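Residue numbers for the sequence shown follow our numbering, so the first one is 28 and each next one is one higher.
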Amino acid sequence: MWHQAWTWFRESLTLNQWISTSTPKTVRQDGAAGVTVGVMLIPQAMAYAVIAGLPPIYGLYGALVPLLIYPIFGTSRQLAIGPQALDMLILAAGLGAVTQVGSGEYVAMAIIVTAMVGLMQIAMGAMQLGFVANLLSRPVITGLTSAAALIISFSQLGSLLGVDLGNSQYVHVVFWRALQHLGEVHLLSLGIGAAGIALLLLLPRWVPAVPEALVVVALATAASYAFSFEDSGVAVVGSIPEGLPPLTLPTLNLSTLNALLPAAFTLALVQFMKNVSLGRVFATRHGYTIDPNRELVGLGAANFVGSFFSSIPVSGSFSRSAVNDQTGAQTPLANWFTAGVIALTLLFLTPLFYYLPLPALAAIIIVAGIGLIDLHELRSLFKARRRDGYIALFTAACTLLIGIQEGILLGIGTSLVAVLYRISRPNMAELGHVPGTRLFRDPDRFEQAARLRGIMVLRVDASFSFANAEYFKDFILEKSEREGRTVKVVIVDGSSINGLDTTAIEALFSVVESLEEEDIELHLTGLIGPVREVVRRSGLHALLGENKFHLDPHMAVVSVLERWDAAEDTDRVEQYFATTEPEKKEATPAAS
28 MWHQAWTWFR
38 ESLTLNQWIS
48 TSTPKTVRQD
58 GAAGVTVGVM
68 LIPQAMAYAV
78 IAGLPPIYGL
88 YGALVPLLIY
98 PIFGTSRQLA
108 IGPQALDMLI
118 LAAGLGAVTQ
128 VGSGEYVAMA
138 IIVTAMVGLM
148 QIAMGAMQLG
158 FVANLLSRPV
168 ITGLTSAAAL
178 IISFSQLGSL
188 LGVDLGNSQY
198 VHVVFWRALQ
208 HLGEVHLLSL
218 GIGAAGIALL
228 LLLPRWVPAV
238 PEALVVVALA
248 TAASYAFSFE
258 DSGVAVVGSI
268 PEGLPPLTLP
278 TLNLSTLNAL
288 LPAAFTLALV
298 QFMKNVSLGR
308 VFATRHGYTI
318 DPNRELVGLG
328 AANFVGSFFS
338 SIPVSGSFSR
348 SAVNDQTGAQ
358 TPLANWFTAG
368 VIALTLLFLT
378 PLFYYLPLPA
388 LAAIIIVAGI
398 GLIDLHELRS
408 LFKARRRDGY
418 IALFTAACTL
428 LIGIQEGILL
438 GIGTSLVAVL
448 YRISRPNMAE
458 LGHVPGTRLF
468 RDPDRFEQAA
478 RLRGIMVLRV
488 DASFSFANAE
498 YFKDFILEKS
508 EREGRTVKVV
518 IVDGSSINGL
528 DTTAIEALFS
538 VVESLEEEDI
548 ELHLTGLIGP
558 VREVVRRSGL
568 HALLGENKFH
578 LDPHMAVVSV
588 LERWDAAEDT
598 DRVEQYFATT
608 EPEKKEATPA
618 AS
């Protein structure tokens, strides 16, 4: 057992892979990228900790040790790890349901959640559960992100206005409270926040190379110190502990773990999904692949080890990863340089943040939140598949009105129901013969394809299972009755059927019996090996007989027509091969 565990651990390490390919040039590129991202991360990490209801220093703690751990196991070369706005929102929602924001145990519980998230992700990676990323479909992520953007932005409305609006994850509640306290707005705080928002929006256009968030923090802190904003009633960050985070053990008890389990599981799943999606973007761009299971281990190890050093949950950031890539990052080593910038900040620069106005941090958070809204993505969902667009809107609405975790679960549930509905009603088409060929195509898409008189050729575009067995049966029977056609043979093109379960087999037996009552034969064609084996073991092959199984629809049709010709002394096979008139809607070489 221990040998297997050690082997798995050794195989999970990716450190040797990227170190062996490093050169002085790539180290310089990683260094430049890491330092740039580090400067960008300082104000973001502090601001994102505020979203979770935590002191800003914990954002810097989350930007240190996890960044040293992820490169040892992770497979993405450009991913920039650290605190994320959406993660903090989920964390705040989970902790708010268990304990009071600002209480003594709030911070401790946040660190416990970090450890739980890490353990879950490591366990999922060890069990090769990387496929769970597919539970969070693109529409669910789009809806969740859009709703989270509004929640994140509105959560800072109180700091922006200089008014205590309490804590709530519901946009309408925060908005209503703000309306009730309009007469208490602190104008100086509002002015600082508005100026910060303006700079954050304009600086990227004027001087794109300058980290706008850091400029806002520097200017706001300098102005706060020079003009004594704190004495004028502006809330400031206040004292921040100096030095690196100490090594501590999270205090655990069973009741706390049970209470925090939903938030931890939600975070573990959402973080992993975002990491894999983001990692694949850069992997495709640079021509390499990422391993979802190793990503689980890498992200989980970063969170778990980080929790012993007061870290909050971390994951990949799209904006910082984009900067990491644009500034030349070649390996995960860039994360180590970013951690170095954070370490220097913790050791020497934390006293400088005492006078940082909270409205300036609120401005950074609001602009970051607005940046998460992607209307183009929503439009593309509606354009590509309207159902996915509605799932995104449903997820967003549930997240805004019911809750973040509930919105995620309902979004996942809706996606699964949509998938099951699509499986239960697969695309089934009656095929027509393309004159002069051995091909059969859907007449609704190929005008030259003609249905054969007396023969119904069907194609099933799905696995045949319990979910769609009854639909398949009803389709065959109802179609022949509805169209008023005299059908003597039903030929199923099974080349796209990649699986059969016992319910599907039972339905096929029922179809055979029902068709026999109507004096209609059932033929199966193109079945792949595993499906043929199931058919044989179930007894269906013996029931139908060897002459009812064929390689393709063409051979099935020829077999049927030859048998009819022999019995009735006709020349239907010859007519079938000679048919060349594409304008005919129904071919003639079959019995009427």
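The beta carbon of each residue, even a glycine, is placed where N, CA and C say it ideally should be. It should be emphasised that the depicted structure is a prediction, and the values quoted were computed from it without experimental measurement.
- Sorting 145, 42, 182 by C-alpha distance to the C-alpha of residue 120 places 182 at the top.
- Contact annotation: residue 238 and residue 41 have beta-carbon atoms that are not nearer than 9 Å.
- By the Cβ neighbour-count rule, residue 45 is buried, with 16 or more other Cβ atoms within 10 Å of its own.
- Taking a C-beta distance under 9 Å as the contact criterion, residue 335 and residue 54 do not qualify as a contact pair.
- If one requires a minimum length of 4 residues, the alpha helix (DSSP H) runs lying completely within the stretch 490 to 567 are 496 to 510, 529 to 544, 556 to 565, in chain order.
- Look at the stretch 231 to 273 and you find these whole runs of alpha helix (DSSP H), each 4 residues long or longer: 239 to 254.
- Per DSSP, residue 211 lies in no alpha helix (DSSP H) and is assigned neither H nor E.
- Of the residues 481, 488, 105, the one whose Cα lies closest to the Cα of residue 469 is 488.
- For residue 602, the closest of 575, 530, 479, 130 by C-alpha to C-alpha distance is 479.
- With 16 or more other CB atoms across the displayed protein chains lying within 10 angstroms of its CB, residue 575 is buried.
- The straight-line gap separating the alpha-carbon atoms of residue 207 and residue 217 is approximately 16 Å.
- The DSSP-derived three-state label of residue 342 is strand.
- By the Cβ neighbour-count rule, residue 353 is exposed, with fewer than 16 other Cβ atoms within 10 Å of its own.
- Nearest Cα to residue 530 within the set 85, 270, 562: 562.
- Here residue 281 is exposed. Its C-beta has fewer than 16 other C-beta atoms within 10 Å.
- In terms of Cα proximity to residue 176, the closest of 341, 600, 111, 211 is 111.
- Around the C-beta of residue 301, 16 or more other C-beta atoms lie within 10 Å, and the residue is accordingly described as buried.
- Listed as beta-bridge partners of residue 109 by DSSP are 342.
- Annotation: the continuous alpha helix (DSSP H) that includes residue 84 extends over 84 to 89.
- Beyond the five residues adjoining it in sequence on each side, residue 473 comes within less than 7 Å, by CB distance, of 461 in the same chain, given in chain order.
- Nearest in C-alpha terms to residue 513, of all of 482, 247, 349, 519, is 482.
- If you ignore the 5 residues before and after residue 333, its C-beta comes within less than 6 Å of the C-beta of 92, 93, all in its own chain and listed in chain order.
- Proximity to residue 522 across 259, 550, 222 peaks at 550, based on C-alpha coordinates.
- Segment contact: the stretch 143 to 153 against the stretch 320 to 333, three or more CB-CB distances shorter than 8 Å; contact assigned.
- Here residue 459 carries a strand assignment [DSSP, helix/strand/coil].
- When C-beta atoms of the stretch 411 to 422 are compared with those of the stretch 254 to 268, fewer than three pairs fall below 8 Å, so the two segments do not count as touching.
- In terms of Cβ geometry, residue 291 and residue 140 form a close pair [threshold 9 Å].
- In the same chain as residue 486, and ignoring 5 residues on each side of it, the C-beta atoms closer than 6 Å to its own belong to 456, 458, 520, in chain order.
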